[in-house]
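Read through the structure below, which is laid out as structure tokens, and then see the notes.
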Amino acid sequence: MNINLAVDKSYEGKTFNEVANAPVSALSGVTEKDAQLLEQAFGVKTVSDLAKLKYVRWAQAIVTLAETEQ
């Protein structure tokens, strides 16, 4: 995966570990205002926090299972 496509320019060339510990605004398309709202609503501060958010995991599981549902 080319991580540079998923992160803001200032995070290009960083390791996955560095990006995981970066603020969610490091993700391409996530603004500072978006980051503030995520923190207020869910306590999400880092990319890792977002990935571990139970609602994100639930949504991923539902979509994965929906793809195999007959």
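One gets this note's numbering by counting positions in the sequence shown from 1 and adding 1426 to each.
Glycine included, every Cβ here is placed at the ideal spot set by N, Cα and C.
In this text the structure is predicted, and so the values were computed from the model without any measurement.
Opposing strand residues paired with residue i [DSSP bridges]
i: Val1433; result: Leu1453
i: Thr1472; result: Pro1449
Same chain only: Cβ atoms within 7 Å of residue i, ignoring 5 sequence neighbours per side
i: Tyr1437; result: Val1445, Ala1448 and Ala1452
i: Ala1540; result: Residue 1540 is absent from the structure shown; the chain starts at 1427 and stops at 1496.
i: Ser1474; result: Ala1446 and Asn1447
Beta carbon of residue i nearer than 9 Å to that of residue j
i: Lys1471; j: Val1456; result: no
Distance between beta carbons of residue j and residue i, contact taken as under 8 Å
i: Ser1454; j: Ala1432; result: 6 Å
Alpha-carbon to alpha-carbon, residue j and residue i
i: Glu1493; j: Lys1459; result: 33 Å
i: Ala1485; j: Phe1468; result: 15 Å
i: Gln1392; j: Asn1430; result: An answer regarding residue 1392 cannot be provided, because it is not within the stretch 1427 to 1496 covered by the chain.
i: Ile1488; j: Val1482; result: 10 Å
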